[in-house]
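Enquirer: A single structure is presented below for examination.
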Amino acid sequence: MRIATRVMKLPPYLFVQIDRARRQAIRAGRDVIDFGIGDPDRPTPSHIIRALKRAVDNPATHRYALDQGMPALRKEIANWYKRRFKVKLDFENEILPLIGSKEGIAHFPLAVINPGDYSLIPDPCYPPYRTGTILAGGLVYSLPLLSKNNFLPDLEKIPNKILKKAKLLYINYPNNPTAAVAGKEFYKEVVRFARRQKLVVVSDLAYSEICFDNFKVQSFLETEGAKNIAIEFHSLSKTYNMTGWRVGWAAGRKDLVAALAKVKANIDSGIFTALQLAGIAALRSSQFQVKKACGLYQTRRDILAGGLNSLGWQVTKPRATFYLWVRIPQCHLKINPRLNSMLFAQMLLKKAGIIVTPGVGFGKYGEGYVRFALTVDKKRIKQAISRLGKL
């Protein structure tokens, strides 16, 4: 049997490859320090776990869930948006719980993209932006994220022939993998541009709560006029150390939310009810644990960035996310001018037992960089710096 062409077009999923390399090294007896996948190393806060246990003990939660999510969860998401961003959302029509934001992001193009339509996608980016478009039969136009532009796309450089066929514009700030942030003026520009070109904006806000140095992240939906042109995705994964729980949501213009809901109703049966109740507990409770996590990541950021800079690397401390986006250092390029991000990542694993994510895995314009995830404790970060200093 021949596999579908659209599946053949998909690249291997980057993080599966990284995990395989990690497992292989461990099986070989290597002591591996893993900065690869952005998976929090601290446990989910205990009050959320207790809420899940109580919910699981109730047999009523064991049946099919409502495909559009519990009204109580949608209300709590709306309350959180109002409290956190001063954005008012109609919980009945403008919010859709998801089995993690990843599946919603990947499924959304099925709701709006026709074969031949373009998605305008940042490069480098979170891979499901591209794969969702490809699976829907759409085409990808890459928007370079360059350091000289503070990793913001230059929208005015998109050719008219592409814009005529474009439907979606993706933005992701705080950004994965670059850790860049965006402000009011950029978001205003996006609204103006999207209105002029009749685009739907897809905003990925997964890292909004992981921020440092008193920096506060904005939601795109805070921008005047944004809710009329956008759908925004968020998740409990990074904020509450719940990556394995798979609870997220989409929020925004009601017809976009409804279209995604229709796709999902034909594909899945919603989130396990007990997980939804745990999600309510996470959003409703004191956010002390979130602040504590940010303090932990900030300490790790400072140690790792300081250590790498002391070795002659050029590292800028990010204001958000738990990533460092780092150029391949000149000291290694002088030895091998052809060294690319994949070869560099392989070298670090082979010679130092350190896993990083090669920038090219996020797109063409990620070449020349590697990403470190700050999901490693202080002791291991210091060990990693020591190992890197011996290369």
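For any residue, its number in our numbering is found by taking its place in the sequence shown, counting from 1, and adding 70.
The beta-carbon is built from N, C-alpha and C at its ideal position, and this holds for glycine as well.
(1) Check the C-beta distance from Trp319 over to Leu166 and give it rounded, since I have them as a contact under 8 Å.
(2) Which value, in whole angstroms, describes the spacing of the CA atoms of Arg454 and Gly376?
(3) What is the DSSP secondary structure of Tyr196, counted as helix, strand or coil?
(4) Assuming Ala390 and Pro197 make a contact with CB atoms under 8 Å, what is their CB distance in whole Å?
(5) Measuring only the C-alpha atoms, how far is Val272 from Phe155?
(6) For the region 273-288 against the region 117-133, do three or more pairs of beta-carbon atoms, one drawn from each stretch, fall closer than 8 Å, so that the two count as touching?
(7) Sort Ala135, Arg441, Arg76 and Glu437 by Cα distance to Gln346 and report the nearest one.
(8) Could you pull out every residue in the same chain whose Cβ sits closer than 8 Å to the Cβ of Asn379, ignoring the five residues on either side in sequence?
(9) So which of Leu180, Ala363 and Ile204 has the shortest CA-CA distance to Arg76?
(10) Ignore the nearest five residues each way along the sequence and tell me which others in Asp101's own chain have a CB closer than 7 Å to its CB.
(11) Select from Leu233, Ala206, Asp447 and Ile191 the residue whose C-alpha is nearest the C-alpha of Pro223.
(12) Distance, Cα to Cα, Tyr83 vs Val430?
(13) Pick helix, strand or coil for Pro428, following the three-state DSSP scheme.
(14) Could you pull out every unbroken beta strand (DSSP E) segment of at least 3 residues lying fully inside the region 109-188, listed in chain order?
(15) In this structure, does DSSP put Leu215 in helix, strand or coil?
(16) Could you give the first and the last residue of the continuous alpha helix (DSSP H) run that contains Lys227?
(17) Do the CB positions of Pro179 and Asp193 come within less than 8 Å of each other?
(18) Does any residue of chain C bring its CB to less than 8 Å from the CB of Leu269?
(19) Tell me the rounded alpha-carbon separation between Ala443 and Gly108.
(20) Output yes or no for whether 8 Å exceeds the beta carbon distance between Asn220 and Tyr393.
(21) How many whole angstroms separate the CB atoms of Val182 and Val270, which I take to be in contact at a CB cut-off of 8 Å?
(22) Gly436 by DSSP, collapsed to three states: which one?
(23) Within 10 angstroms of the Cβ of Glu294, are there 16 or more other Cβ atoms? Answer buried if so, exposed if not.
(24) Hey, could you find the ends of the beta strand (DSSP E) Asn242 is sitting in?
(25) Among Ser356, Thr309, Arg397 and Val440, whose alpha-carbon lies nearest the alpha-carbon of Asp111?
(26) On a CA-only basis, which of Lys387, Gln267 and Ile301 is nearest Leu275? Give me that one, please.
(27) Given that a residue counts as buried once 16 or more other Cβ atoms are within 10 Å of its Cβ, and exposed if not, what is Ala335?
(28) In terms of residue numbering, what span does the alpha helix (DSSP H) encompassing Glu259 cover?
(29) Less than 6 Å between C-beta atoms, sequence neighbours within five positions excluded: which residues of the same chain meet that for Thr131?
(30) With distances taken from CA atoms, which of Asp372, Lys235, Lys231 and Leu225 is nearest Lys258?
(31) Within its chain, find whatever has a CB closer than 7 Å to the CB of Leu80; leave out the 5 residues flanking it on each side and keep chain order.
(32) Where DSSP assigns a beta bridge to Val272, which residues make up the other side?
(33) Along the chain, where does the beta strand (DSSP E) containing Gly318 start, and where does it finish?
(34) Please report the residue range of the beta strand (DSSP E) in which Leu413 lies.
(35) Between Asp338 and the rest of its own chain, which residues show a CB-CB distance below 8 Å, the 5 nearest in sequence each way excluded?
(36) Between Phe256 and the rest of its own chain, which residues show a CB-CB distance below 7 Å, the 5 nearest in sequence each way excluded?
Expert: In terms of the structure at hand:
(1) 6 Å
(2) Checking the displayed sequence, the identity of residue 454 turns out to be Ala instead of Arg. C-alpha separation (whole angstroms): 12 Å.
(3) coil
(4) Not confirmed; about 20 Å, so no contact.
(5) 18 Å
(6) no
(7) Ala135
(8) Val385
(9) Ile204
(10) Gly423
(11) Ile191
(12) 12 Å
(13) strand
(14) 165-168
(15) coil
(16) From DSSP, Lys227 is part of no alpha helix (DSSP H); its letter is neither H nor E.
(17) no
(18) Looking at the structure shown, chain C is missing, and only one protein chain is on hand.
(19) 5 Å
(20) no
(21) 6 Å
(22) helix
(23) exposed
(24) Ala236 to Asn242
(25) Thr309
(26) Ile301
(27) exposed
(28) Lys254 to Gln267
(29) Ala125, Thr343 and Ala344
(30) Leu225
(31) Thr201 and Ile204
(32) Tyr240 and Ile301
(33) Gly318 to Gly322
(34) Where Leu413 is concerned, there is no enclosing beta strand (DSSP E), although the alpha helix (DSSP H) it sits in stretches over Ser411 to Ala422.
(35) Asp137, Ile169 and Glu173
(36) Leu222
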